[in-house]
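Residue numbers (our numbering), protein chains in the order written: chain A, 10 to 150; chain B, 46 to 330.
Glycine residues also receive a C-beta, built at the ideal position from the N, C-alpha and C atoms.
Written out below as structure tokens is the structure these notes cover.
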């Protein structure tokens, strides 16, 4: 129940925050790239790099277990994620301490031994740089 | 009804129950009750017998079940099954058949079994190859797919509708069973998943668009005719073929089919599905 309350609070907070921020107007440039488009990108900002690493099936493959809400437009060709794990939304509100969020991606079993999330850092599934990029991106959603 | 009739009936029911029941050590019996109890609670309303339809039985699969039911009106494995039955019945050069060998073997509902003399778990695949060798025929090399899978299907389907009842009684059998249990619950591979992580803790959840199947009922329908494998023209697979695929997917080294580890795992899964009726072959995604 406590979890649910925290979750609801986070959702409300996210709603309030996004309302307070000026939402960028949707244009073609605001649509996130698909996996294929990611591989063709010559250069990308940290946020896009993080997104691309997150959706790549050989890298983060986050969508296997998580549904993700994004401020930018979801690419139509990309199916939504699974429901094994909690949805990824309002990450900044849920993890005000960025280091904690990073630790969660690096090895979620440290904070919860029963977590089934793969330990991306401990098992070297992602490089430290790739984890940084994912964390940077998570802070934007 | 007279009292004696009720008594006779009760004894009769107990007897038939006993005939179906597997002989298992108390520790194993507790494991079965815990495992099956978990799923009864998790998916209320789904009876034990229904679990032989695999993932198709789960409520989370509702939206897709209609497609599967249409597919089952003319199952894609039927033509191959006719070939499989012919392969099974075809006499060896010496005139003997597989049926002659398996006359002295346990029914499919008791496979895999622990062989006290040889101190190992025996599977249908191993006994098929032993039968071939004993009759001067070449044993089958590929233990994962094709002919071997089809022969196992031809044997197992003869026991369709009968409840699985693998025995785990002696010390050696319990030890072998425990190895399988350890394999099932231990974390494995770079992705750090145990079998149970997906098929117990997260059964029914969606991994992208796919629903994770329940561990209960696993392998009752094997060998399978799998759509994914049919794409490459090799639709038939044994349980150990599937185990290898699962291990690769969690980025663990797949073990050899009929390795001691996979046979132990096969025994553990069979024991957890005690009471689920065989339904062979089956089509899976």
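Asked, Found
"Per-residue DSSP class, three states only, for residue 135/B", "coil"
"Alpha-carbon to alpha-carbon, residue 81/A and residue 31/A", "In this predicted model, residue 31/A has a pLDDT of only 41, less than 50, meaning its place in the structure is not dependable enough to derive any value."
"Closer than 8 Å to chain B by CB, residue 92/A", "yes"
"Cβ-heavy atom distance, residue 137/A to the ligand MN, below 7 Å", "Of ligands this structure carries none, so the ligand MN is not represented either."
"Closer than 8 Å to chain B by CB, residue 47/A", "no"
"Same chain, Cβ closer than 8 Å to residue 112/A, neighbours up to 5 away in sequence not counted", "119 and 120"
"Beta carbon of residue 183/B nearer than 8 Å to that of residue 283/B", "no"
"Every unbroken beta strand (DSSP E) inside the segment 147-191 of chain B [3 residues or more]", "158-160 and 165-167"
"Closest residue to residue 194/B among 268/B, 263/B, 139/B and 239/B (Cα-Cα distance)", "268/B"
"Nearest-angstrom Cβ-Cβ length linking residue 243/B and residue 261/B, presumed shorter than 8 Å", "Contact doesn't hold; Cβ gap of about 13 Å is too wide."
"Residue interval of the beta strand (DSSP E) (run including residue 270/B)", "269-271"
"Run of the alpha helix (DSSP H) containing residue 29/B, from where it starts to where it stops", "There is no way to answer for residue 29/B, as the model of chain B reaches only from 46 to 330."
"Unbroken alpha helix (DSSP H) run spanning residue 239/B, endpoints", "Careful: residue 239/B lies outside any alpha helix (DSSP H) and carries neither H nor E."
"Terminal residues of the alpha helix (DSSP H) in which residue 213/B lies", "First-last for residue 213/B: undefined, no H or E at that position."
"Beta-bridge partners of residue 82/A, as assigned by DSSP", "40/A"
"Given residue 335/B as reference, the closest of 217/B, 141/B and 135/B once Cα atoms are compared", "No answer is possible for residue 335/B: it lies beyond the span of chain B, which begins at 46 and ends at 330."
"Candidates 110/A, 79/A and 117/A, of which the one nearest residue 128/A by Cα", "117/A"
"Min CB distance residue 171/B to chain A below 8 Å", "no"
"Chain B residues whose Cβ lies nearer than 8 Å to that of residue 61/A", "Result: empty, since nearest Cβ-Cβ is about 17 Å, beyond 8 Å."
"Euclidean distance between Cα positions of residue 165/B and residue 156/B", "13 Å"
"Neighbour-count burial assignment, residue 280/B, 16 or more Cβ in a 10 Å radius", "buried"
"Range covered by the alpha helix (DSSP H) that runs through residue 144/A", "137-147"
"Presumed contact (8 Å Cβ cut-off) between residue 132/B and residue 192/B, rounded CB distance", "7 Å"
"Euclidean distance between Cα positions of residue 17/A and residue 72/A", "Note that residue 17/A scores 49 on pLDDT, short of 50, meaning its location in the model is unreliable; the coordinates nonetheless yield the value given after this. Going by the C-alpha atoms only, they are around 22 Å apart."
"Span separating the alpha-carbon of residue 312/B from that of residue 71/B", "16 Å"
"Length at least 4, wholly inside the segment 100-131 of chain A: the alpha helix (DSSP H) runs in chain order", "100-103 and 107-115"
"Closest Cα partner of residue 73/B within the set 219/B, 142/B and 272/B", "219/B"
"Chain B contact residues for residue 73/A, given Cβ-Cβ distances below 8 Å", "252 and 253"
"CA-to-CA distance, residue 127/B to residue 315/B, given in whole angstroms", "26 Å"
"Residues that DSSP places opposite residue 208/B in a beta bridge", "322/B"
"is_contact[residue 127/A, chain B] using C-beta, thresh 8 Å", "yes"
"DSSP beta-bridge partners of residue 256/B", "251/B"
"Residue 143/A to residue 297/B span [Cα, whole Å]", "25 Å"
"Residue-level contact to chain C via CB, residue 137/B, 8 Å cutoff", "Absence of chain C from the displayed structure is noted, the protein chains being A and B."
"Proximity of residue 302/B and residue 292/B at Cβ, strictly below 8 Å", "no"
"Presumed contact (8 Å Cβ cut-off) between residue 143/B and residue 173/B, rounded CB distance", "7 Å"
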